[in-house]
Amino acid sequence: MRLRALLDTDALGLRLLGGEDELDRAVRGVMTTDLRDPSRYLSGGELVLTGLAWRRDAADAEPFVRILVQAGVAALAAGEAELGDVPDDLVLACARHRLPLFAVHESVAFATITEHVVRQVSGERAGDLAAVVDRHRRMMTSGPAGGGPEVVLDLLGSDLDLRAWVLSPTGRLIAGPKVAGTALPAEGCAQLAAEHLAASRGGRRGPHRVILGSTTYSLFPIRSSGRSPQAARDVRETVLSDWLLAVEADAGDWAEERLDLLHGVTQLISVERDRRDAARTVRRRLAQEVLELVQTGAAPAEIAARLRVAAPVLLPGLGAAPHWQVVVARVDWQGDEIESGPVAQSLLEEILVDPLSTGPEPSDRIAVAHTGDEAIALVPLPAVSAEHDGSETGVLADALLASVREPLSAGLDDDGRVTLGVSAAVHSAEGLRGALEEARHARRVAAARTGRVCAAGHQELASHVLLLPFVPDDVRRAFTARLLDPLREYDRRHRAELIPTLEAFLECNGSWTRCASRLHLHVNTLRYRVGRIEQLTSRDLSRLEDKLDFFLALRMS
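Right under this line is the structure:
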């Protein structure tokens, strides 16, 4: 029950003296005490009733309130029978510690309040126990195998009036209530997933409490059945692949029985997750076989034969062989050695599902293998894509990145990175080897960028940015130092801003008037600065070759 409910019960004679913002706290019990230190008898969540016999002077209030707060009590109710009005020192101490304080009228016995609280709390616990028993009975007859996670969520709604959703680590909605008007917006799903991943990386035990707008959610991890949180050597091995259950409620107010119920629900849903993972075994094996053929230089006819076997499995019901794309992913962690290939494989299987799709089934059309620390996906495209040139169909790196950046960045914390590379679509086995190399090159381009989650597509490989990630570090340092160090040193000594001037000059394609306008300089001042740059570097900014050298030096610095 809530504190607010006590205040609304006129028969209890309670008057609020402080803590109006905390009235939504849950009351799990009641205790009457006049001990100066009652902490040994407190377990948290109690309404503490006191006649103030412990108080000898004003200095006693602060330590008494501090003890109650440290014990996690819900509120304090002080009787007016002994001292009349509740002392100001107690009111101020409760305000400092944000502990709700009630005054109990002298005409109301503590036994009346105790009886009311015990009756209400016991009734709630009895309801929870009945729901647990009913849940077990109904699960035995219907079970998740008969309808997936939705069956479990429907029972939560009907038994306990709880709305809940199953989400992937990227924020994709896997299952939710069937009742109209209960959908979670995509932005909310992504935020909940991000909060869950951040809490998991921070080592906090679930459920995790999250407030979006004015709504409170409790997030429960859904782990593979039979796998305890300690089964993985490191949380980073599973944090990017575990599902979560988002419940629209504050689980911090719940009794143990109700928490046990929700943990049982997560175990039931994990059965569906295990079924999905088992179904992926065939697709993973197909991807591994094709990848080995491609990497060992097998004949195109042999690769084509394996693709013909894979197509009906990945795109059932389609008569024509699809086009294919290759997506390469890598997860890198700092510090301890972690086998990141399987982590990248599970993550890529989830990332490549359309974020707007629901349910576990759309992932059945993706085959992902892993080799070393790399995960490689074969993504089939329906044959209708043959009418296009492949540039606007299939997987697009920018869209892929936008759909997963927010939650994954939270899960990676400050010691991990995910980089993705996407190839163009190919229509034959002959093109698959080139697509694999293209995706790998694109991933390296993404890895050269800043950020926790980066992706690059094949379109970017026709640019100079393709070359920069592959320049050895010592060559990069020597090249940039030779061109830019004289300018940096001059700027340091004279505050001449030659480096910013050079950047603006190149961005304006050498236009004196546009560059001067951008820098808010007179053209003569700009000409002086450019002349100084040329003098210090022995270069000529009217020559294309020297402009290109400066441009690359700035990009690599």
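Quick note: the sequence shown uses our numbering, first residue 2, plus one each step.
Where a beta carbon is used, it is the ideal one built from N, C-alpha and C, also for glycine.
Per-residue DSSP class, three states only, for His117: helix
Closest by C-alpha distance to Ala12, when choosing among Ala27, Val118 and Thr33: Val118
Rounded straight-line distance, which links the Cα of Gly422 to that of Ala442: In the sequence under discussion, the amino acid at residue 442 is His, which differs from the Ala named in the question. Taking the straight line joining both Cα atoms gives about 7 Å.
Pro1 lies in the alpha helix (DSSP H); which residues open and close that run? An answer regarding residue 1 cannot be provided, because it is not within the stretch 2 to 558 covered by the chain.
Where do the ends of the beta strand (DSSP E) carrying Ala247 lie? Trp244 to Val248
Mind listing, in chain order, the continuous beta strand (DSSP E) runs of no fewer than 3 residues lying wholly within the region 367 to 440? 368 to 372, 375 to 382 and 417 to 423
From Val28, Ile270, Val446 and Ala430, pick the residue whose C-alpha is nearest to that of Gly298; which is it? Ala430
Examine the Cβ distances between the region 396 to 410 and the region 447 to 458 and report whether three or more of them are shorter than 8 Å. yes
Between the CA atoms of Leu154 and Asp416 - distance to the nearest angstrom: 35 Å
Rounded to the nearest angstrom, what separates Pro487 and Thr372 at their Cα positions? 45 Å
What residue range is occupied by the uninterrupted beta strand (DSSP E) comprising Arg489? Element bounds for Arg489: not the beta strand (DSSP E) but the alpha helix (DSSP H), Asp474 to His495.
Pick out whichever of Val419, Leu522 and Ala247 has its Cα sitting closest to the Cα of Arg164. Ala247
Find out if the Cβ-Cβ distance for the pair Val427, Trp334 is shorter than 7 Å. no
How big is the Cα-Cα spacing for Ser518 and Leu397? 38 Å
What does a CB cutoff of less than 8 Å around Asp86 pick up in its chain, not counting 5 residues either side in sequence? Ala104
By the 10 Å Cβ neighbour count, where 16 or more other Cβ atoms means buried, how is Ser561 classified, buried or exposed? The first residue shown for the chain is 2 and the last is 558, placing residue 561 beyond what the model contains.
Gly80 bridges to which residues according to DSSP? Val105
I need the straight-line Cα distance from Gly561 to Asp547, nearest angstrom please. With the chain running from 2 to 558 in the structure shown, residue 561 is simply not present.
In angstroms, rounded to a whole number, what distance separates the CA positions of Arg286 and Pro343? 13 Å
Using the C-alpha atoms, what's the distance from Leu36 back to Arg57? 12 Å
Quick one: is Arg205 buried, meaning 16 or more other Cβ sit within 10 Å of its Cβ, or exposed? exposed
Taking Gly511 as part of the beta strand (DSSP E), name the residues at either end of that continuous run. First-last for Gly511: undefined, no H or E at that position.
Would DSSP call His521 helix, strand or coil? coil
Is it buried or exposed, Ile223, if we count other Cβ atoms within 10 angstroms and call 16 or more buried? buried
Smallest Cα separation from Glu63: which of Ala78, Asn510 and His98? His98
Extent of the continuous beta strand (DSSP E) to which His459 belongs: His459 -> no beta strand (DSSP E), and no H or E assigned at all.
My understanding is that Leu292 touches Ile377, with C-beta atoms under 8 Å, so please give their C-beta distance in whole angstroms. 6 Å
Look at the alpha carbon of His264 and the alpha carbon of Leu433, and state the distance between them as a whole number of angstroms. 45 Å
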